[in-house]
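Okay, so the sequence shown: first residue is 1 according to our numbering, each after it adds one.
Only one structure is covered here, and it is reproduced in the block below.
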Amino acid sequence: MTDYEKAKEVAVSFYKQLFSKQGSLSEAQVGKLLQLISIKVTDRHKQILIAGVSDEEIKNIVFSMKRNKAPGPNRYTVEFSQENWGLVGDNMTEALRFYF
Numbered sequence: 001m002t003d004y005e006k007a008k009e010v011a012v013s014f015y016k017q018l019f020s021k022q023g024s025l026s027e028a029q030v031g032k033l034l035q036l037i038s039i040k041v042t043d044r045h046k047q048i049l050i051a052g053v054s055d056e057e058i059k060n061i062v063f064s065m066k067r068n069k070a071p072g073p074n075r076y077t078v079e080f081s082q083e084n085w086g087l088v089g090d091n092m093t094e095a096l097r098f099y100f
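Have a look at this one:
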């Protein structure tokens, strides 16, 4: 059996049990699966992933969006958000922070 086949077998078993009605895995099973994963998230990457998003980052994202596109689900265009940032920026930032 190759490493790929072994990893596939362990992964399939892992997810079958995870999503089954019993749904409990032993620490040994989780450990076995983790040993087969060669790429892991570093501590630095973990910190980046859990870090909050600054107001400035949100503003930069809004202002880097392409103009002349279809409106979003709220029916506002990017141009509206950019041109009225002084009026809507705080509320938009607060709403977007909810997701982070």
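For each residue, glycine too, the CB sits at the ideal point set by N, CA and C.
Counting C-beta atoms within 10 angstroms of its own C-beta, S81 has 16 or more neighbours from the protein chains shown and is therefore classed as buried. Check the Cα spacing between Q35 and each of K8, M65, Y99, A95: the tightest is with K8. The shortest CA-to-CA distance from Q17 to any of T42, V30, K69 is the one to V30. Ranked by how close their Cα comes to the Cα of K59, the residues R44, E94, L49 have E94 in first place.
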